[in-house]
Each structure stands twice: as structure tokens, then as C-alpha cells.
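Just so you know, the sequence shown maps onto residues -22 to -1, 1 to 106 in mature numbering (1 follows the signal peptide of the UniProt record, and there is no 0).
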Amino acid sequence: MSYRFLPICLLPAVAFPLVAFAQEGDVTAGATVFKKCAICHVAETDQNKVGPSLNGLFGRTAGTHPNFAYSSAMQEAGKGGLVWNETTLRDYLHDPKAKVKGTKMTFVGLKDDTEITNLIAYLKQYSK
């Protein structure tokens, strides 16, 4: 039996999860998910509430939005190189306290990957 062709046979199995992970998300469904965040955050405008504005979030260094009193943990995370992008935000939204130990954000996180994908799609429209 030849194993020379084994990697070619496995390629679809390896590539499929990558394609599924790179989904665009549903902005409308993301707006519904954002209602969980809207108690503390605004995305549509550059206005801080209990939490910092999420307007223009992508590409922003953590803990740096003007006129917001971040926890020292979030400020240190930013100084350590944490910049918000799809990957870092996905990790943070899964478990905020695990991603930034000492964050003052009390939200326990989102466990559903589809909700996170949709929320990211919603937030991206306000990060242009």
C-alpha cells in the first residue's frame, strides 16, 4: 500500500474547518447578539458608557480608547501587544477573564461560535 497520496486525501478534511471558521457572519443576527453588550457598550458612535465605545474597535490597542478608565489589567494587556482583531476578540468573547486576567468587565462570555461570528460581523461595520 502506498502512503504517497495520503496527504492529498486528507486535504479536504483539513481545509473544510478553515473555510467554516472564516465565515463572514450575519450582521442582522449580530445586532441581536449585541443587545447583550449594549447595556455597557455602544458601537454605532464613539461614546463611552459603563464600558468603552466599540466604534472603531478593530486595530485598536487594548486599553487605549480615550476618556475611559480601563482596569490596569486591560492597560497592561495593551502594552503587552493585545490589539483587537477577529482572533483576539473571539478569544476574549469566549472568556474575558481568561484572556485578560483582572479585567473589570463582568460579562461571562459567549460560548456559541456562531453568535461570536455574527457579533464580529456586526462590530466590523463600525470599524471602517
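Positions of the beta carbon are idealized from the N, C-alpha and C atoms, including for glycine. Just so it is clear, the structure is predicted and the values come from calculations on it, not from any experiment.
Item                                                                                                                              : Value
Local conformation of T42 per DSSP, three classes                                                                                 : coil
Neighbourhood of A40 by C-beta distance below 6 angstroms, restricted to the same chain and skipping five residues each side      : M52, A55, G56, L60
Which residues DSSP lists as bridging V61, in chain order                                                                         : T39
When M83, K79, E64 are compared against I17, the one with the closest alpha-carbon                                                : M83
Coarse secondary structure for K77, derived from DSSP in three states                                                             : helix
Chain-order list of residues whose beta-carbon lies under 7 angstroms from that of G87 (same chain, five-residue window excluded) : L71, H72, D73, P74
E93: first and last residue of the uninterrupted alpha helix (DSSP H) it sits in                                                  : 91 to 102
Contact check, K13 vs H19, beta carbons under 8 angstroms                                                                         : no
Rounded C-alpha distance that separates T65 from A47                                                                              : 24 angstroms
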